[in-house]
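Taking it in order: structure first as structure tokens, then the write-up.
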Amino acid sequence: MMGALIRFFTKILDICKLVPMLPVVVIAAIPLALLGDWRPWGNAMAIPVLGNPGFGQWLVIALVLIIVIDTVRGMIDDLRHGQVGVDVLAVVAILSTVAVAEYWASWAVTLMITSGEAIEEYAQAKAERSLTALMEAAPQTAHVVNLPGVGCGFATDKGDSSDGFRRVGLASAAAAAHRFDTVPVEQVQLGDVLMVLPGETVPVDGELLSGTATLDLSNINGEPVPREVFAGARVMSGAVNGSTALTMRATQVAADSQYQRILELVASAQESRPAVVKTADRLAVPFTVLSLMIAGIAWAMSGVPTRFAQVLVLATPCPLLIAAPVAYIAGTGRLAAAGVLIKAQDVLENLGRVTQVFFDKTGTLTVKQPQVVRVEMLPGAATRLNEDHVLMMAGVVESYSVHILSKGIAKAGTEAMARLRQRFEDGQRLCPEPEASWPGHGREYPVIKNINEDAGKGVSGEVNGHAVRVGRLSFAAAGEDGFLAVGEAAPLSPRSGQLPLRGGAQQKDDLRTRFGLLQPDEMASYVSVDGRLIARIVLRDVPRANAKAVLAKLHELGVTELAMLTGDKRASANIIASEVGIDEVHAELFPEDKVAAVRAATGAGKTVTMMVGDGVNDAPVLAVADIGVAMTDGTSTAASESAQVVIMNDNIAAVPRAIAIARRTKRVMLQAVIAGLVLATIGMIAAAFNLIPVVVGAFLQEAIDVVSILWALTALIDRD
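Residue 493 in the UniProt record's numbering sits at position 493 of the sequence shown, with consecutive numbering throughout.
Next up, the structure:
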């Protein structure tokens, strides 16, 4: 109970700091109540317009003058910045209450004005809390490692040790000895080796030098689950390190790092004003004129000056001036929390009007690299190796390659290694031959040596002492160069049940026939171990796991047409389209063809087009769509720069979520504005007929403001 009271009064104190006049106005009610009619000066201070106010009433008049002067100053400042000052209603209302000697009404209006400022500050802070959280999480310092021999030249020292393991002892050595200098993040230079301690924020973009690290990316992309990354991976500024210290090499200075770009994007969007908010600003002027007309007519028809004040104390443009921008700022904050950044609030408005969505195929509807879908063991080849052994061996050598298929095989190899390790922990041998004495048997990672990549052919190396080749059939079979197993001096005997590898195009065709035909969208890498071709690894573009559900959700939201734009072959494109539910396929396109297709749809009637892509080649088409959406993990700079919307978590599910948030934001804004204006108009009409006393009207006006602003803040609520 006591804790709740402390928190309550702390919030009250914070509000009073934002609006210092608020506590002064509240306290002024005491002398107004006790000394309102006290006149120790008699009639010496009588004024023709004001009469002869008492001591407490003069205090209220002084407060009114202070607030009027401050309000007029703000109106002039607004006019200098090109905005129409509509606080004239508040000025006229408060002066009219003083003129008719309604001092309690004057006090109530001053209270409403100051408390309204406090509510506005609170609502603004609440709506901008996502940006505030981002800014507070911005790294301020960095730890530059100063171990002997470590510095900008550390890149030349990186490599493999004699047993195939990367040197990863730097983090523990530097952390244990505290061998680092803490400097402002702006002083970090390219190539500096940095230490990030547990729980600290990564200061700049860089490359991970430690073996592994666990990073919390929620500040960057809204991803709730920490991500495990490995040596050589890109590390983004703004990520929070896990429970162990890591070392990294800076690849960007602070000003060019990912987190700083995120802050700039969000700040730019928060400062912009969407068209609908600008319209609300313009509507505030006619509302002011209407309010003055109602007040003037009520005064003229009743002949009672107080009626003028009764009407004006209920006239509030707050739903237009505050509720509308608060709702849109709140919507921007919701998008940022979901990992979606917009570059202007006009984009937020257009998001809710999308009727047609174009998708790039590779990396957008599908995962970014071809994935392993199966391993085919060569029929008739005698081997004790199974699919997991093939994937493990192929994966570790492919991890050193830059070929388009290498990442998919390396990923599958890591998963296979985990399965094999589990088997070993369960008491089974990692190696299939009981009599084998493989170097590194039982180790957590295999021993890798003599890695070599032949461009356009494949990659080879030794894995636990066994020669492995992965790549084209001609490279893996390699009959033309006499590839033999380690330690062998003669070709294998056909009687052994193993496939002899003799060169020749006819034999390669026979091998392909024995494996079977590939589907139009499939690719393959062949694997040989110790001179024997034993398997084929089949890969293909695989749809994202949630792509079909995401496209179905878009249809539910009323998006009428979903189309694919791809430079891939039509057969491959049609397979992916049928799997995810695309309505229309445009295949075998060059970048200029994609631009033409989107431009043609953009100019068709009331269609609002969205283009979703992820790569550099998508940058031109993202720029011509009504809304360009770049899906990125922080690496696709060109696509991100040309897009109006950036999805930071590389999750296609953010597309329908962004549309839903945008629609709800606009709906909440309209509800807050309309409800506030309707209530204010009804109140003014009732006051014109003398149904609402002037003091009661002042408090009702504030209640209307509070209701409209609080309703606008419901845009912050996550309905998904």
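Ideal Cβ placement from N, Cα and C applies to all residues, glycine included.
| Item | Value |
| --- | --- |
| Exposure of TYR259, with buried meaning 16 or more beta-carbon neighbours within 10 Å | buried |
| Assigned exposure category for ILE534 - 16 Cβ within 10 Å defines buried | buried |
| Three-state secondary structure assigned by DSSP to LYS411 | helix |
| Paired residues, beta bridge with ILE343 - DSSP | Checking the sequence, you will find Lys at residue 343 rather than Ile. For LYS343, which the question treats as bridged, DSSP gives no partner whatsoever. |
| 8 Å Cβ cutoff met for THR288 and GLN701 | no |
| For THR251 and LEU320, believed in contact at Cβ under 8 Å, the rounded distance | No, LEU320 and THR251 are not in contact; Cβ-Cβ is about 48 Å, not under 8 Å. |
| Own chain partners of ALA295 with C-beta closer than 7 Å, once the 5 adjacent residues on each side are dropped | PHE308, VAL311 and LEU312 |
| Separation of CYS318 from ALA93, as counted between CA atoms | 14 Å |
| Range of the contiguous alpha helix (DSSP H) that encloses LYS594 | 591 to 602 |
| Nearest residue (CA-CA) to THR141, options VAL707, VAL202, ILE692 and THR97 | VAL202 |
| Opening and closing residue of the beta strand (DSSP E) in which GLN371 lies | 371 to 377 |
| Alpha-carbon spacing of VAL673 relative to ARG540, whole angstroms | 52 Å |
| Alpha carbon of LEU348 to alpha carbon of ALA324, nearest angstrom | 13 Å |
| 8 Å Cβ cutoff met for LEU365 and VAL655 | no |
| Whole-number beta carbon distance between SER257 and SER243, since they are thought to touch under 8 Å | That belief does not hold up - the Cβ atoms of SER243 and SER257 are roughly 24 Å apart, past 8 Å. |
| Neighbourhood of ALA552 by C-beta distance below 8 Å, restricted to the same chain and skipping five residues each side | GLY581 |
| Host alpha helix (DSSP H) of ALA619 (start-end) | 619 to 624 |
| Coarse secondary structure for ASP212, derived from DSSP in three states | Here residue 212 turns out to be Thr, not Asp, going by the sequence shown. THR212: strand per DSSP, three-state reduction. |
| Residues bridged to GLN356 (per DSSP) | GLU561 and THR609 |
| Status (buried if at least 16 other CB within 10 Å, exposed otherwise) for ASN450 | exposed |
| Cβ pair LEU197, ALA231 closer than 8 Å | no |
| Reference LEU652; option with closest CA among MET631, GLU102 and VAL706 | Checking the displayed sequence, the identity of residue 652 turns out to be Ile instead of Leu. Ranking MET631, GLU102 and VAL706 by Cα distance to ILE652 puts MET631 first. |
| Contact check, ILE647 vs VAL340, beta carbons under 8 Å | yes |
| At least 3 beta-carbon pairs within less than 8 Å: the stretch 324 to 334 vs the stretch 620 to 630 | no |
| Which residues DSSP lists as bridging VAL240, in chain order | THR201 and ASP216 |
| Close Cβ partners of ASN43 (< 8 Å) along its chain, the five nearest in sequence each way excluded | ASN52 |
| Top-ranked residue by Cα proximity to SER578, from PHE590, MET564 and THR609 | MET564 |
| Residue interval of the beta strand (DSSP E) (run including LYS449) | 448 to 454 |
| Span of the alpha helix (DSSP H), counted from its first residue to its last, around PHE699 | 694 to 713 |
| For THR316, three-class secondary structure by DSSP | coil |
| Residues that DSSP places opposite ALA535 in a beta bridge | MET377 and VAL527 |
| Where the beta strand (DSSP E) through residue 732 begins and ends | With the chain covering 1 to 720 only, the question about residue 732 has no answer from this structure. |
| THR355 versus ARG544 - alpha carbon distance | 23 Å |
| DSSP bridge partner residues for MET248 (one or two, in chain order) | LEU194 and LEU208 |
| Per-residue DSSP class, three states only, for PHE515 | helix |
| Beta-bridge pairing of VAL585 - partner residues as DSSP gives them | MET564 |
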